[in-house]
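Some notes on the structure that comes next.
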Ligand code: AMP
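Numbering (the working numbering), first residue to last: 465 to 674.
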């Protein structure tokens with residue numbers, strides 16, 4: 465968990481590779497539908513472009529479908545979900561039916577002024593979704609992915625207006641989750657201002673302590 469731009473997606477990918485766990489990202493699920501022009505993609509595009517949350521019923525059903533179809537005995541890493549108390553409660557209920565539960569919630573913390581700079585420079589690969597940053601992590605070749613050589617793009621919701629909305633939504637709807645998981649003793653805060661590898665190692669240590 466964490467505010468927009470803290471590195472949830474990048475760090476979740478590194479963790480899933482290291483721990484060999486499936487990665488379920490609500491944002492990636494939505495972006496795939498949007499890119500492929502599916503009916504769901506068309507329905508959610510307005511919310512995504514404006515930086516608003518996709519309605520609860522749509523989000524919960526698409527993520528729960530991914531969670532239940534993963535059937536990973538060793539678990540999985542959720543990225544970008546839950547973002548509201550309603551989603552957290554739906555997740556707890558679905559996991560309880562599978563005799564599973566959330567072990568640990570990692571919250572990455574970065575000051576807002578740094579996040580705004582990060583989001584302005586963020587680029588994504590149109591094929592593999594690898595992330596880059598023009599300032600802090602530029603691709604080797606201009607606007608091309610190091611891994612698949614395909615073009616990089618800026619997310620629609622990284623525009624200035626959408627970023628403002630996303631911070632507001634985060635503060636109103638997602639921040640209360642810190643208390644939700646904190647009061648259950650399942651929240652670990654991790655400093656997200658270090659290098660990619662430093663933050664990754666801190667997250668790994670945090671998971672091992674869960
Ligand atoms: P992300 O890649 O996690 O930043 O998500 C990108 C966008 O997808 C968000 O700004 C929302 O519009 C939508 N989205 C992702 N996850 C959720 C969620 N859990 N609940 C509602 N909307 C979401």
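Ideal Cβ positions, reconstructed from N, Cα and C, are used throughout, including at glycine.
These figures come from a predicted structure and were not determined experimentally.
| Check | Outcome |
| --- | --- |
| Quick one: give me the first and last residue of the alpha helix (DSSP H) that residue 597 is part of. | First-last for residue 597: 595-597, but that is the beta strand (DSSP E), not the alpha helix (DSSP H). |
| Return yes when at least one heavy atom of the ligand AMP lies under 6 Å from the C-beta of residue 621, else no. | yes |
| Is the beta carbon of residue 608 less than 7 Å from the beta carbon of residue 475? | no |
| So, helix, strand or coil for residue 543, using DSSP? | strand |
| Collect the residues with a C-beta less than 5 Å away from any heavy atom of the ligand AMP and give them in sequence order along the chain. | 490, 491, 494, 511, 512, 517, 518, 523, 544, 545, 547 |
| Looking at the strands, I want to know which residues DSSP matches up with residue 569. | 651 |
| Taking the C-alpha atoms as reference points, what is the distance between residue 510 and residue 626? | 11 Å |
| In whole angstroms, give me the CA-to-CA distance for residue 590 and residue 645. | 34 Å |
| Taking residue 546 as the reference, give the member of 570, 563, 507 with the closest Cα. | 570 |
| Per DSSP, what kind of secondary structure is residue 587 in: helix, strand or coil? | strand |
| Per DSSP, which residues does residue 605 bridge with? Please list them. | 608 |
| Find the nearest neighbour of residue 544 within the set 639, 473, 507, judged by alpha-carbon distance. | 473 |
| Decide if residue 587 is buried, meaning its Cβ has at least 16 other Cβ atoms within 10 Å, or exposed. | buried |
| Between residue 629 and the rest of its own chain, which residues show a CB-CB distance below 7 Å, the 5 nearest in sequence each way excluded? | 514, 515, 516 |
| Is residue 554 near residue 526, with beta carbons less than 7 Å apart? | no |
| Measure the C-alpha to C-alpha separation of residue 624 and residue 573 and round it to an integer number of angstroms. | 21 Å |
| Return helix, strand or coil for residue 638, following the three-state DSSP convention. | helix |
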